[in-house]
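Data first, discussion second: the structure below is written as structure tokens.
Right under this line is the structure:
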């Protein structure tokens with residue numbers, strides 16, 4: 001479909017920004033939302049009438065509904081929803097406060113659900129649409145220091161896999177994105193949070209993990225601009241993939257997990 005309308009959360013920076021930029025360059029219309037939108041319209045530099053920029057916290061259902069209504073008023077339809085807004089709560093589980101755990105799920109899972117509840121009625125009326133869910137390879141694989149982040153992404157993927165089957169008969173497609181480590185500010189101390197409760201049993205391992213994150217920040221091997229271009233291309237494909245792993249690290253970790261599962265399933269069957 002030419003001249004698609006995109007609704008993108010977390011479009012103020014990183015992957016969300018590049019998706020918005022590339023969709024506009026492709027001649028599409030974009031609703032770019034972010035908690036902070038200062039200067040975003042100027043940075044995207046879109047042709048007149050092709051962009052609206054809205055402040056949005058996806059954890060507020062009323063705010064999400066109002067943003068959806070503004071998008072429909074401006075463009076009349078929504079063809080692609082990109083659930084990109086996210087948060088990185090890192091650290092050992094027992095060192096993370098309960099409020100931080102719940103905040104992680106409010107943004108990564110319930111925020112995406114809020115967006116789906118607002119946008120899917122429009123897509124159902126259209127009998128068309130694409131829901132793009134920005135997950136992570138950590139929606140398939142969990143590691144020490146990432147238990148809560150992975151928990152939110154595992155839940156996100158479980159929800160969207162089931163939802164995808166529910167909406168497919170209505171002409172609405174689903175695309176799950178599972179990147180490896182990307183060069184965005186996602187691991188920056190201003191964005192990523194570490195558990196701050198002190199537990200001596202975990203002190204050495206947690207300190208080593210924080211050092212790893214600090215060294216990885218800005219040195220990740222995967223380019224978000226390349227992934228953004230892939231997503232925009234998939235949105236226009238007649239035969240799009242339903243799951244897109246991005247990066248050699250993502251493919252390696254996912255492959256290892258699949259082989260591990262196959263081994264465990266075989267071992268379980270042998271004991272039946």
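In full-length UniProt numbering, the protein residues as written are 1 to 272.
Each residue gets a CB set at the ideal place from its N, CA and C atoms; glycine is no exception.
Computed from a predicted structure; not experimentally measured.
Whole-angstrom C-beta distance between residue 80 and residue 4, which should lie under 8 Å: Yes, they are in contact, since the Cβ atoms of residue 4 and residue 80 sit about 6 Å apart, within 8 Å.
Alpha carbon to alpha carbon, how far is residue 240 from residue 172? Looking at the two C-alpha atoms, the distance is approximately 12 Å.
Whether residue 11 touches residue 140 by CB criterion (9 Å): No; because the gap between Cβ atoms is not below 9 Å, this pair is not in contact.
Simplified DSSP state of residue 157, which is helix, strand or coil: If DSSP states are grouped into helix, strand and coil, residue 157 belongs with the helices.
Cross-strand partners of residue 244 (DSSP beta bridge): Among the bridge pairs identified by DSSP, residue 244 is matched with 177.
Using the Cα positions of residue 267 and residue 179, report the straight-line distance between them to the nearest angstrom. Answer to the nearest angstrom: the Cα atoms are 30 Å apart.
Using 9 Å as the threshold, is the C-beta distance between residue 224 and residue 14 below it? Contact: yes.
So the candidates are 64, 234 and 252; which of them puts its Cα closest to the Cα of residue 115? The shortest C-alpha to C-alpha distance from residue 115 to any of 64, 234 and 252 is the one to 64.
Run through the DSSP bridge pairs and tell me what residue 65 is partnered with. Residue 65 is bridged by DSSP to nothing; it lacks a bridge partner.
Separation of residue 43 from residue 121, as counted between CA atoms: Whole-angstrom Cα-Cα distance: 31 Å.
Using CA atoms only, rank isn't needed, just tell me which of 82, 117 and 73 is closest to residue 19. Per the Cα distances, 82.
Alpha-carbon spacing of residue 55 relative to residue 74, whole angstroms: Distance between the alpha carbons of residue 55 and residue 74: 15 Å.
Using the rule of at least 16 other Cβ atoms within 10 Å of the residue's Cβ for burial, across every protein chain shown, is residue 34 buried or exposed? Classification of residue 34: buried, given that the 10 Å Cβ count is 16 or more.
Three-state secondary structure (DSSP) at residue 14? Helix, per DSSP.
Taking C-alpha atoms, which residue in 113, 31 and 135 lies nearest to residue 62? When the alpha-carbon of residue 62 is set against those of 113, 31 and 135, the nearest one is in 113.
Under the three-state reduction of DSSP, which class applies to residue 129: helix, strand or coil? Residue 129 carries a strand assignment under DSSP once its states are collapsed to helix, strand and coil.
Confirm, please, whether the CB-CB distance from residue 85 to residue 16 is below 9 Å. A contact, by the Cβ cut-off of 9 Å.
Out of 205, 156, 132 and 99, which one is the CA nearest neighbour of residue 109? With distances taken between CA atoms, residue 109 lies nearest to 156 out of 205, 156, 132 and 99.
Quick one: grab the DSSP three-state call for residue 217. When secondary structure is reduced to three states using DSSP, residue 217 falls in the coil class, being assigned neither helix nor strand.
Report yes if the CB atom of residue 78 is closer than 9 Å to the CB atom of residue 119, and no otherwise. Contact: yes.
Would you call residue 104 buried or exposed, if buried means 16 or more other Cβ atoms sit within 10 Å of its Cβ? Its Cβ being crowded by 16 or more others within 10 Å, residue 104 is buried.
Since residue 224 is in the alpha helix (DSSP H), which residue starts that stretch and which ends it? Per DSSP, residue 224 belongs to the alpha helix (DSSP H) from 224-235.
Can you name the start and end residues of the alpha helix (DSSP H) that residue 105 belongs to? Here the alpha helix (DSSP H) through residue 105 covers 98-105.
Going by Cα to Cα distance, which pick from 72, 220 and 236 is closest to residue 126? The shortest Cα separation from residue 126 among 72, 220 and 236 belongs to 72.
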